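A.B. asks: Per numbering that gives the first Met the number 0: the sequence shown = residues 0 to 99.
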Amino acid sequence: MRTTKPQGPLKIRTFLLWDVTLEGFDLIKNKQLVIERTCSLGNLSDFKELVRFYGFETIKSELLKSASLDIKSLNFFSHFFNIPIEQFKCFSKKPLHLQQ
């Protein structure tokens, strides 16, 4: 994981965090939200910016803990990071309508 503080501002498209007041928003404390949204809804430029800001290991770690990746993003990042899909939390979590 990245041990140094990210340098400079995170330059992703602001619509990815549509429900957040960006003024005063802590990108370190809320990295799970930022990484999930950007990896699910962002483009290649947004992802490259995530890598610059957080680093590959932090992104991988947060995606493994994510409970809400869509299936397309889940499959992509499983192959991208060469991690079996079963290791992602969101893969093993049942949708609410299937829980009894």
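Glycine residues also receive a C-beta, built at the ideal position from the N, C-alpha and C atoms.
Predicted, not measured: the structure shown is a model, and the values here were computed from it.
Measure the C-alpha to C-alpha separation of Leu62 and Thr20 and round it to an integer number of angstroms.
C.D. replies: 23 Å
A.B. asks: Are the Cβ atoms of Phe80 and Lys64 separated by less than 9 Å?
C.D. replies: no
A.B. asks: Contact check, Cys38 vs Ala66 under 8 Å by CB: the rounded distance?
C.D. replies: So it is not a contact: roughly 13 Å between Cβ atoms.
A.B. asks: At the level of alpha carbons, what is the spacing between Gln6 and Phe52?
C.D. replies: 7 Å
A.B. asks: Taking Glu48 and Lys10 to be in contact with their CB atoms under 8 Å, please state how far apart those CB atoms are, rounded to whole angstroms.
C.D. replies: 5 Å
A.B. asks: Regarding Tyr53 and the ligand COA, is the C-beta to nearest heavy atom distance less than 8 Å?
C.D. replies: The ligand COA is absent from the structure shown, which contains no ligands of any kind.
A.B. asks: Can you tell me whether Phe14 is buried or exposed? The criterion is at least 16 other CB atoms within 10 Å of its CB, across all chains shown.
C.D. replies: Using a 10 angstroms sphere on the CB of Phe14, the tally of other CB atoms stays under 16, which defines it as exposed.
A.B. asks: According to DSSP, is Val33 helix, strand or coil?
C.D. replies: Of the three classes helix, strand and coil, the one that applies to Val33 here is helix, per DSSP.
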